[in-house]
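First the structure, in the form of structure tokens, and then the observations on it.
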Amino acid sequence: MDKPIREARGARLAVSLSGTNLARASDYNQRVVLQAIRLSPETSRVELSRTTGLTAPTIANITRRLIDAGLVKEVGRLQGPRGQPAIQLTIEPLGCVAIGLNIDRDHLTLVALDLAGQVRSRIAQDIAFAMPEDVVAFVAHNLESLLAEAGVGRDRVIGVGVAVPNDLGVITLPGRPSDYDRWAGLSIPTLLAPVMPWPTVIENDAAAAAIGEAQAGRGHRWRASSIS
93 MDKPIREARG
103 ARLAVSLSGT
113 NLARASDYNQ
123 RVVLQAIRLS
133 PETSRVELSR
143 TTGLTAPTIA
153 NITRRLIDAG
163 LVKEVGRLQG
173 PRGQPAIQLT
183 IEPLGCVAIG
193 LNIDRDHLTL
203 VALDLAGQVR
213 SRIAQDIAFA
223 MPEDVVAFVA
233 HNLESLLAEA
243 GVGRDRVIGV
253 GVAVPNDLGV
263 ITLPGRPSDY
273 DRWAGLSIPT
283 LLAPVMPWPT
293 VIENDAAAAA
303 IGEAQAGRGH
313 RWRASSIS
């Protein structure tokens, strides 16, 4: 019964830098190119074409869109053995940020993560068995200072990731309030919408850590087959 869930999670953990030249695949290709730029301190359009398999005109169009969107910037030219020096590209870390929220049974943590995968600011509070209204109050009180410390405005936020333990509100634990089961079946995106009006993804905290490692940690240096 859980095979589709494992496969979906595995697809999200996988990191591919292969583009497609099929029509109407521009969003996918743009994501691939942006990821390829993120994984290198500096790179060129020629190197991006080699890495992704996309044509030079496609790379030129995508990188222009990324620069116009403020997600990528040109950082000069790299002198090669022959011909005109290649213009180098790199990520614009504060081109956008994501908000991370960890709701645990003994603490709450709020972070702002930049496009390079670096934590720009973090606010945490120890609180035992925080209720839904406690989480909303924590976010409402700290969000603006979190973004100010990160150096961005709300217009640069592209989404929210919420990590929670499995069976939040279901498992009986010492000291658990009698109404803590309100978490069971609660729509967390709906709960947070008044204070964080961005697309919101909910994930088990262990799976969220694994996805983060795959996307911004050592996962890029290891193939799934080498650790299976």
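Last residue of the sequence shown? That's 320 in our numbering, and every number before it is there in order. Beta carbons are placed, not taken as given, at the ideal position from N, Cα and C, and that holds for glycine. Owing to the predicted nature of the structure, the values given are computational and were not obtained by experimental measurement.
Cα-Cα separation, residue i to residue j
i, j, result
"ASN121", "LEU193", "29 Å"
"LEU260", "PRO266", "14 Å"
"ARG137", "ALA232", "42 Å"
"GLY209", "ALA300", "14 Å"
"LEU140", "ALA255", "33 Å"
"ARG123", "TRP290", "19 Å"
"GLY304", "VAL211", "12 Å"
"PRO177", "GLU134", "14 Å"
"VAL244", "LEU186", "7 Å"
"PRO149", "ASP247", "31 Å"
"LEU202", "SER279", "19 Å"
"GLY321", "VAL287", "Shown here, the chain extends from 93 to 320; a query on residue 321 therefore has no answer."
"LEU158", "LEU205", "19 Å"
"GLY251", "THR282", "14 Å"
"GLY168", "ILE154", "19 Å"
"ALA229", "LEU200", "11 Å"
"ALA216", "ASP226", "13 Å"
"LEU126", "ASP160", "13 Å"
"LEU262", "TRP275", "Note on residue identity: the sequence assigns Val, not Leu, to residue 262. Whole-angstrom Cα-Cα distance: 8 Å."
"ASP297", "ARG197", "12 Å"
"ASN258", "ALA306", "21 Å"
"THR143", "ASN234", "41 Å"
"ALA302", "ARG214", "20 Å"
"ALA152", "ALA285", "37 Å"
Exposed unless 16 or more other CB atoms sit within 10 angstroms - verdict on residue i
i, result
"ILE191", "buried"
"ARG130", "buried"
"GLY253", "buried"
"ALA222", "buried"
"ILE195", "buried"
"ALA128", "buried"
"THR147", "exposed"
"THR264", "exposed"
Where residue i sits in the DSSP three-state scheme
i, result
"VAL293", "strand"
"SER136", "strand"
"LEU146", "coil"
"ILE319", "Residue confidence for ILE319 is low, a pLDDT of 48 falling below 50, so the modelled location carries little weight; the figure read from the coordinates is stated next. Note: ILE319 maps to helix in three-state DSSP."
"ALA190", "strand"
"ALA298", "helix"
"GLU305", "helix"
"ALA161", "coil"
"ALA152", "helix"
"LEU126", "helix"
Practice task
Decide if the region 263-275 is in contact with the region 230-247; the criterion is three or more beta carbon pairs, one per stretch, under 8 Å apart.
Solution key: No, they do not touch.
Practice task
Count the CB pairs spanning the region 157-165 and the region 177-189 that are closer than 8 Å, and state whether there are at least three.
Solution key: The answer is yes - the region 177-189 touches the region 157-165, with three or more Cβ pairs under 8 Å.
Problem - Contained beta strand (DSSP E) runs [length at least 3] in the region 193-244, N- to C-terminal order - result: Runs found: 199-206 and 211-218.
Practice task
Please go through the region 244-292 and give each complete beta strand (DSSP E) segment of 3 or more residues, from N-terminal end onward.
Solution key: The DSSP assignment places 249-256 as complete runs of the beta strand (DSSP E) inside the region 244-292, in order along the chain (cut-off: 3 residues).
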